[in-house]
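Protein chains: 2
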Amino acid sequence: MSRIYNFSAGPSVLPEEVLKTAASEMLEYRDSGMSVMEMSHRSKVYISIFEDAMHKLREVMNIPETYHVLFLQGGASTQFSMIPMNLMVKNGRADYVVTGSWAEKACKEGGRFGEARIAASSKDVNFSRIPKQNELDLDPKADYLHICENNTIFGTAFPYIPEAGNVPLVADFSSCILSKPVDVSRYGLIYAGAQKNMGPAGLTVVIVREDLVGKTQERTPTMLDYMTHVKADSMYNTPPTYGAYILGLVLDWIIGLGGVEAMAKINREKASLLYDYLDESTLFTCPVEKGDRSLMNITFVTGKEDLDAKFVADAKKQGFENLKGHRSVGGMRASIYNAMPTAGVKALVEFMREFERNN
Amino acid sequence: MSRIYNFSAGPSVLPEEVLKTAASEMLEYRDSGMSVMEMSHRSKVYISIFEDAMHKLREVMNIPETYHVLFLQGGASTQFSMIPMNLMVKNGRADYVVTGSWAEKACKEGGRFGEARIAASSKDVNFSRIPKQNELDLDPKADYLHICENNTIFGTAFPYIPEAGNVPLVADFSSCILSKPVDVSRYGLIYAGAQKNMGPAGLTVVIVREDLVGKTQERTPTMLDYMTHVKADSMYNTPPTYGAYILGLVLDWIIGLGGVEAMAKINREKASLLYDYLDESTLFTCPVEKGDRSLMNITFVTGKEDLDAKFVADAKKQGFENLKGHRSVGGMRASIYNAMPTAGVKALVEFMREFERNN
Numbered sequence: 388m389s390r391i392y393n394f395s396a397g398p399s400v401l402p403e404e405v406l407k408t409a410a411s412e413m414l415e416y417r418d419s420g421m422s423v424m425e426m427s428h429r430s431k432v433y434i435s436i437f438e439d440a441m442h443k444l445r446e447v448m449n450i451p452e453t454y455h456v457l458f459l460q461g462g463a464s465t466q467f468s469m470i471p472m473n474l475m476v477k478n479g480r481a482d483y484v485v486t487g488s489w490a491e492k493a494c495k496e497g498g499r500f501g502e503a504r505i506a507a508s509s510k511d512v513n514f515s516r517i518p519k520q521n522e523l524d525l526d527p528k529a530d531y532l533h534i535c536e537n538n539t540i541f542g543t544a545f546p547y548i549p550e551a552g553n554v555p556l557v558a559d560f561s562s563c564i565l566s567k568p569v570d571v572s573r574y575g576l577i578y579a580g581a582q583k584n585m586g587p588a589g590l591t592v593v594i595v596r597e598d599l600v601g602k603t604q605e606r607t608p609t610m611l612d613y614m615t616h617v618k619a620d621s622m623y624n625t626p627p628t629y630g631a632y633i634l635g636l637v638l639d640w641i642i643g644l645g646g647v648e649a650m651a652k653i654n655r656e657k658a659s660l661l662y663d664y665l666d667e668s669t670l671f672t673c674p675v676e677k678g679d680r681s682l683m684n685i686t687f688v689t690g691k692e693d694l695d696a697k698f699v700a701d702a703k704k705q706g707f708e709n710l711k712g713h714r715s716v717g718g719m720r721a722s723i724y725n726a727m728p729t730a731g732v733k734a735l736v737e738f739m740r741e742f743e744r745n746n
Numbered sequence: 388m389s390r391i392y393n394f395s396a397g398p399s400v401l402p403e404e405v406l407k408t409a410a411s412e413m414l415e416y417r418d419s420g421m422s423v424m425e426m427s428h429r430s431k432v433y434i435s436i437f438e439d440a441m442h443k444l445r446e447v448m449n450i451p452e453t454y455h456v457l458f459l460q461g462g463a464s465t466q467f468s469m470i471p472m473n474l475m476v477k478n479g480r481a482d483y484v485v486t487g488s489w490a491e492k493a494c495k496e497g498g499r500f501g502e503a504r505i506a507a508s509s510k511d512v513n514f515s516r517i518p519k520q521n522e523l524d525l526d527p528k529a530d531y532l533h534i535c536e537n538n539t540i541f542g543t544a545f546p547y548i549p550e551a552g553n554v555p556l557v558a559d560f561s562s563c564i565l566s567k568p569v570d571v572s573r574y575g576l577i578y579a580g581a582q583k584n585m586g587p588a589g590l591t592v593v594i595v596r597e598d599l600v601g602k603t604q605e606r607t608p609t610m611l612d613y614m615t616h617v618k619a620d621s622m623y624n625t626p627p628t629y630g631a632y633i634l635g636l637v638l639d640w641i642i643g644l645g646g647v648e649a650m651a652k653i654n655r656e657k658a659s660l661l662y663d664y665l666d667e668s669t670l671f672t673c674p675v676e677k678g679d680r681s682l683m684n685i686t687f688v689t690g691k692e693d694l695d696a697k698f699v700a701d702a703k704k705q706g707f708e709n710l711k712g713h714r715s716v717g718g719m720r721a722s723i724y725n726a727m728p729t730a731g732v733k734a735l736v737e738f739m740r741e742f743e744r745n746n
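Those protein sequence lines, which keep their order, are chains A and H. If you want my numbering, it's the 1-based position in the first sequence plus 387. If you want my numbering, it's the 1-based position in the second sequence plus 387.
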């Protein structure tokens with residue numbers, strides 16, 4: 388067999404040239420005499436890999452100097468606690484916009500450390516849309532407003548950046564980081580697990596405005612205090628060294644394509660191929676409101692469970708992997724992150740057309 | 388250049404055949420059509436890799452069925468908080484044997500969640516020995532007794548398993564796990580970062596007796612509650628998928644050599660080569676008391692700072708990397724974990740003899 392088209396929601400497809408470089412450097416990184424995995428995180432050669440990845444991330448995302456960039460562990464799920472423990476320190480309450488399962492989990496966990504208010508929710512329509520700015524019931528005394536920028540499971544994304552006055556905006560970018568230009572200065576904190584657009588699972592990136600770091604709730608574990616990692620340049624303990632190396636390679640690949648602007652253009656084109664077909668199809672429909680559709684995760688259904696299952700099975704036989712939708716939506720989901728080639732989306736649409744003709 | 392002898396204290400050398408397999412499978416794992424890094428953690432193919440690694444760890448370490456095995460993130464440093472948050476729940480106090488910097492850090496962090504008593508310390512002799520059983524001032528009401536089984540920085544290791552009656556023994560095995568047979572049933576909890584004897588940094592293994600899981604202190608983050616991971620078979624959120632895969636390959640390599648018994652024999656032989664030479668040398672000395680010497684991390688000094696520096700520099704030129712001792716001990720340290728070949732230790736001793744003749 389050879390490499391197939393992998394539409395997994397995460398961990399997910401990586402650029403083939405990144406994997407080729409990783410394979411070729413596995414036994415020896417340049418002239419270091421060892422694999423990156425074997426390097427002391429305190430060695431010169433490794434520190435340069437680590438700092439290089441961090442520097443490139445700053446450059447590619449155009450992160451202002453007034454923001455810290457942290458390479459952590461524990462995934463977005465750990466951030467669900469770390470955020471209130473570090474930021475819910477003034478008034479002890481925060482606002483959450485609930486636009487899917489992850490946003491809901493973040494809100495629930497936030498509620499364990501203070502008052503987590505639901506500022507808006509689209510649960511009543513099974514998260515098929517994003518509440519608009521004027522639907523947000525905002526608390527001006529909230530310590531932050533939390534959103535999930537792109538909802539992996541439901542295939543929605545914020546088409547706008549919520550305006551919350553002086554309340555810092557905190558956003559989960561796990562499934563859309565590096566997919567488009569972002570005005571970081573509009574956010575107080577951005578976090579993302581690496582396993583969708585950045586590299587292997589186990590690395591978590593946090594971008595946080597300097598003034599939001601320094602206070603914590605009582606009994607915050609040292610490793611869950613952002614300041615611990617700020618002070619130590621993300622090397623308080625051994626970081627996920629190999630993950631940061633892969634992130635560096637992914638960033639090289641993005642830079643080579645022309646940066647996040649170019650990436651966004653490719654992503655819009657890829658998503659249009661699929662959405663345009665879905666909108667004209669008489670078999671498949673996309674359950675998401677047009678203005679709120681994700682460019683990363685595209686959900687669709689036939690309306691018949693057995694036909695959905697047949698589609699997923701037939702697709703698998705043709706080398707289209709991981710198209711089954713999440714159980715909370717049903718149907719199908721094609722995750723077409725940065726590294727999914729346009730050819731993969733074209734081939735999928737071709738296959739869907741054929742399936743439609745035959746079913 | 389080619390692969391050199393890497394004496395790093397961690398992350399550290401991996402078996403060459405593990406790296407070769409990882410390189411060959413980087414673009415495609417078996418006939419899956421994708422890299423392990425790209426696999427959904429919920430996919431059949433990945434779950435089998437994950438469970439296989441867990442199963443092999445149980446087998447190789449002979450872990451009783453009454454213990455949970457967890458694959459977590461955050462390193463030993465996160466365990467420093469997670470242990471008291473989960474275990475310091477009965478009497479709110481615990482005993483710590485302080486045998487080095489890491490044990491000290493664990494104790495300090497423990498003190499943030501209750502009363503962390505020092506049951507014994509060898510700080511007065513710069514941690515050059517391990518307190519004996521009769522030197523331990525044990526609190527029978529302690530919720531646990533914490534030790535650091537092998538002290539990476541100071542080159543010591545517990546030559547005995549402390550007896551604490553009904554008080555569960557908690558041990559940091561980061562730098563000696565899989566290096567020798569262990570009677571797991573004597574411990575309440577064993578934890579270890581992967582980056583020394585198991586694989587890449589970012590994976591943390593916890594082996595915990597079933598009855599110690601289930602209660603937590605208030606406001607324990609969901610991700611820091613062992614029960615969260617027990618219930619979800621370590622897949623509550625995306626685990627460090629690639630690290631677990633490498634651990635599986637490392638375990639295959641250990642099984643191929645004959646298991647931890649065979650590994651321990653090799654480790655004793657390797658360490659003897661170096662210790663025997665150190666004990667006869669008139670230039671180098673090992674600062675650690677004979678009975679308490681680590682088989683993994685071997686510290687030595689010439690007694691002259693400039694000569695130590697010359698040794699490290701000369702050694703580096705000859706392809707012996709990362710021999711500089713930790714700043715708190717000075718001198719040199721050779722970390723000779725499982726994956727350091729005997730040939731590497733022999734070559735180092737040869738080089739040391741030559742250095743002694745010339746200096």
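Yeah, the Cβ is synthetic: ideal placement off N, Cα and C, and Gly gets one too.
Among the candidates the options, whose CA atom is the shortest distance from the CA of residue i?
i	options	result
residue 501(A)	603(A), 418(A), 722(A) and 461(A)	603(A)
residue 391(H)	703(H), 733(H) and 744(H)	703(H)
residue 714(H)	557(H), 656(H) and 695(H)	695(H)
residue 462(H)	478(H), 550(H), 493(H) and 441(H)	493(H)
residue 510(A)	675(A), 413(A), 688(A) and 693(A)	675(A)
residue 473(H)	613(H), 697(H), 590(H) and 692(H)	613(H)
So is residue i in contact with chain A if we call contact Cβ pairs under 8 Å?
i	result
residue 531(H)	no
residue 407(H)	yes
residue 395(H)	yes
residue 520(H)	no
residue 461(H)	yes
residue 555(H)	no
residue 430(H)	yes
residue 399(H)	yes
residue 509(H)	no
Out of curiosity, what's the CA-to-CA distance linking residue i and residue j?
i	j	result
residue 631(H)	residue 588(A)	11 Å
residue 395(H)	residue 495(H)	26 Å
residue 449(A)	residue 443(A)	9 Å
residue 741(A)	residue 668(A)	11 Å
residue 662(H)	residue 706(H)	21 Å
residue 506(A)	residue 599(A)	21 Å
residue 609(A)	residue 515(H)	28 Å
residue 723(H)	residue 430(A)	17 Å
residue 445(H)	residue 518(A)	48 Å
residue 550(H)	residue 530(H)	14 Å
residue 664(H)	residue 627(A)	36 Å
residue 416(A)	residue 541(A)	40 Å
residue 534(A)	residue 563(A)	13 Å
Using 8 Å as the limit for Cβ to Cβ distance, is residue i near chain H?
i	result
residue 747(A)	In this structure chain A extends from 388 to 746, so residue 747(A) is not present and cannot be described.
residue 421(A)	yes
residue 601(A)	no
residue 402(A)	no
residue 465(A)	yes
residue 746(A)	no
residue 414(A)	yes
residue 502(A)	no
residue 614(A)	no
residue 588(A)	yes
Short-range partners of chain H found in the region 619 to 650 of chain A, where Cβ spacing is below 8 Å = Listed in sequence order: 623, 624, 625, 626, 627, 628, 629, 630 and 633.
task = Decide yes or no for the touch test of the region 580 to 597 of chain A against the region 620 to 637 of chain A: beta carbon pairs closer than 8 Å, at least 3 of them.
result = Verdict: yes, contact present.
query = Are the region 649 to 657 of chain A and the region 454 to 471 of chain A touching by the rule of at least three beta carbon pairs closer than 8 Å?
reply = Judged by Cβ distances under 8 Å, the region 649 to 657 of chain A makes no contact with the region 454 to 471 of chain A, as fewer than three pairs qualify.
task = Determine, using beta-carbon pairs with one atom in the region 554 to 565 of chain A and one in the region 475 to 494 of chain A, whether at least three such pairs fall under 8 Å.
result = Verdict: yes, contact present.
key: Inter-stretch contact at 8 Å, needing at least 3 Cβ pairs: the region 519 to 534 of chain A / the region 468 to 479 of chain A   = Yes, the region 519 to 534 of chain A touches the region 468 to 479 of chain A.
key: Residues from the region 560 to 586 of chain A in contact with chain H, defined by Cβ distance under 7 Å   = So the close ones are 580 and 582.
query = Just by C-beta distance, which residues in the region 466 to 494 of chain H are closer than 8 Å to chain A?
reply = Contact annotation: in the region 466 to 494 of chain H, residues whose CB is within less than 8 Å of a CB in chain A are 467, 468, 469 and 472.
query = Is it a yes or a no for the region 683 to 697 of chain A touching the region 718 to 737 of chain A, going by three-plus beta-carbon pairs under 8 Å?
reply = With three or more CB-CB distances shorter than 8 Å, the region 683 to 697 of chain A counts as touching the region 718 to 737 of chain A.
Chain A contacts from the region 704 to 717 of chain H (Cβ-Cβ distance under 8 Å) = Cβ proximity to chain A below 8 Å picks out 706, 708 and 709 from the region 704 to 717 of chain H.
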